[in-house]
Amino acid sequence: MSARPRVVVTGMGIVSAAGWTLDETWEAIAQGRSGLRALSLFESQRCGKLPVGEVTGDPAGRSGLAGGSRSDHLAVWAARAAWGDAGLSASCFAPDRGAVVLGALSGGMMFTEEFLSRLYFDKRAEPHHLADRACCNSADRIAELFGLGGFRATVANACASGGAALGLGCDLIEAGEADVVLAGGVDSLNRVVLNGFNSLMLVSPDGCRPFDAERKGMSVGEGAGALVLESEEHAHARGARVRAWLAGRGNTCDAYHVSAPQPEGRGLHEAMRLALADAGLAPAAVDYINAHGTGTADNDPAEAKAIRALFGEAPPAVSSTKRFFGHALAAAGAIEAIVTVLALERQAVPANLGLRTVDPKIPLAPVMEYRPAKLDVAMSTSLGFGGNNSAVLFRRPGTWGEMT
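With my numbering, the residue at position 390 of the sequence shown is 390, and numbering never jumps.
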């Protein structure tokens, strides 16, 4: 029986409130600069000018894409950046051996909002206003743009979508169904999501402060993250640089509640355990966890308890990076996976920005200041409505015995 192929990351692209590139993103993290700012994309009578993780600039002008939704433009930008970073071209793989797996939820929701507004106020709306509404459109556009004629899927696992998409990308490579997979997530700001979370009293009026004793909720964000995944053999054959190994992943659904996490974090605990087992590693091997850490009353204690239960009294360094770019929903897992890989590359742990005093209910001591650290193995975690949980484990090149 042949050994299971190892999955590597050869390219990454990102856009969020923290920046349009990998370097801009890490510079914001290193300098402790939050990307949260007052909402300006649209007017919201219910939410006013709440701080959000809004992408600055013009996504439509930057993406090079004709037509489409804001989500489409963000996704295409990230995909173009990842593609270029990986040094890929059409000659690197057969069309039917290229796949795309993208976490997405909102799609072109702002088009739907416009349609409903016209229908309500003008008593008339044209169906073409809904043409770019579907959340699957972003994956379709990426597949067409890069000639990815194989497997294509949009993952909608709530806020664990981006992490789950990376896991599915690994499945495709390990099963021999694809040579190249562009995997990640995207979401854009809209009234339905912002007003919806605000109506649930989950949005902080002054910006999220994960794990803090005085946290008041999450900050809604937007953005996109894309990672190029290949088998190590395929990457080696074309002389590609390996940024990291995607060594393990775990996805669970505990179905505890439609919106609240299981209080002890049992679903996330199992997802992290599965990721470690997939990588063949013990908990002590993990050097850093980029936590989901939304800043809500229920999420933070549940996640912290799950980490403590699995890693014991001496857990690895833990921090949430949500205050840098907000909670980007379906894109969160992909954006934070990229930050986790960058942490391995830059050999540094991001600060848990906004944290002043750790909540006594949090059985952890999150990292409060950016600091250099020796990191070989790092994990990114995500939790979502409906009990969805995801954990993705990365290893730094040189720690697993590379091909020669």
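Quick reminder that beta carbons are idealized off the backbone N, C-alpha and C, glycines included.
Are residue i and residue j close, meaning C-beta to C-beta below 7 Å?
i           : j           : result
residue 187 : residue 222 : yes
residue 318 : residue 338 : no
residue 201 : residue 327 : no
residue 405 : residue 387 : Residue 405 lies beyond the residue range present for the chain, which begins at 1 and ends at 404; the question has no answer from this structure.
residue 466 : residue 69  : One cannot answer for residue 466 here, as it falls past the ends of the chain, which runs 1 to 404.
residue 302 : residue 363 : no
residue 150 : residue 98  : yes
residue 194 : residue 181 : no
residue 333 : residue 210 : no
residue 380 : residue 336 : yes
residue 36  : residue 207 : yes
residue 86  : residue 11  : yes
residue 372 : residue 343 : no
residue 154 : residue 164 : no
residue 243 : residue 52  : no
residue 310 : residue 283 : yes
residue 94  : residue 73  : no
residue 234 : residue 179 : yes
residue 249 : residue 170 : yes
residue 152 : residue 100 : yes
residue 174 : residue 346 : no
residue 143 : residue 324 : no
residue 103 : residue 285 : no
residue 298 : residue 260 : yes
residue 105 : residue 115 : no
residue 367 : residue 378 : no
residue 370 : residue 30  : yes
residue 32  : residue 353 : yes
I'd like the span of the beta strand (DSSP E) that includes residue i, first residue to last.
i           : result
residue 400 : Per DSSP, residue 400 belongs to no beta strand (DSSP E) and is neither H nor E.
residue 289 : 288 to 291
residue 354 : Premise fails: residue 354 is in no beta strand (DSSP E) and is neither H nor E.
residue 182 : 180 to 187
residue 317 : 317 to 320
Going by DSSP, what residues sit across from residue i in a beta bridge?
i           : result
residue 12  : 227
residue 253 : 388
residue 375 : Residue 375 is not bridged to any residue.
residue 312 : Partner(s): none; residue 312 has no beta bridge.
residue 218 : 203
residue 246 : 394
residue 37  : 52
residue 382 : 390
residue 19  : 16
residue 258 : BP columns for residue 258 are empty, so no partner.
residue 212 : 358
residue 7   : 231
residue 349 : 371
Could you give the residue range of the alpha helix (DSSP H) that holds residue i?
i           : result
residue 439 : The question about residue 439 has no answer, for the chain in this structure spans 1 to 404.
residue 63  : 59 to 63
residue 267 : 266 to 279
residue 82  : 70 to 86
residue 235 : 232 to 237
residue 25  : 22 to 31
residue 337 : 332 to 346
Exercise for review: Would you list, in sequence order, the uninterrupted alpha helix (DSSP H) runs of no fewer than 4 residues that lie entirely inside the region 92 to 157?
Suggested key: 109 to 121 and 137 to 146
Review point. Would you call the region 228 to 245 and the region 357 to 371 in contact, with 3 or more CB pairs under 8 Å?
Key: With a cut-off of 8 Å, the region 357 to 371 and the region 228 to 245 do not count as touching, because too few Cβ pairs lie within range.
**Study point:** Meets three-Cβ-pair contact criterion under 8 Å: the region 257 to 269 and the region 376 to 394
**Key:** yes
Exercise for review: Spell out a yes or no on whether the region 155 to 165 and the region 110 to 120 are touching, meaning 3 or more CB-CB pairs, one atom from each, closer than 8 Å.
Suggested key: no
Check your understanding: Would the region 103 to 113 and the region 238 to 258 be scored as touching if the rule is three or more Cβ pairs under 8 Å?
Key -> no
Exercise for review: Give a yes or no on contact between the region 7 to 20 and the region 65 to 79, applying the rule of three or more CB pairs nearer than 8 Å.
Suggested key: yes
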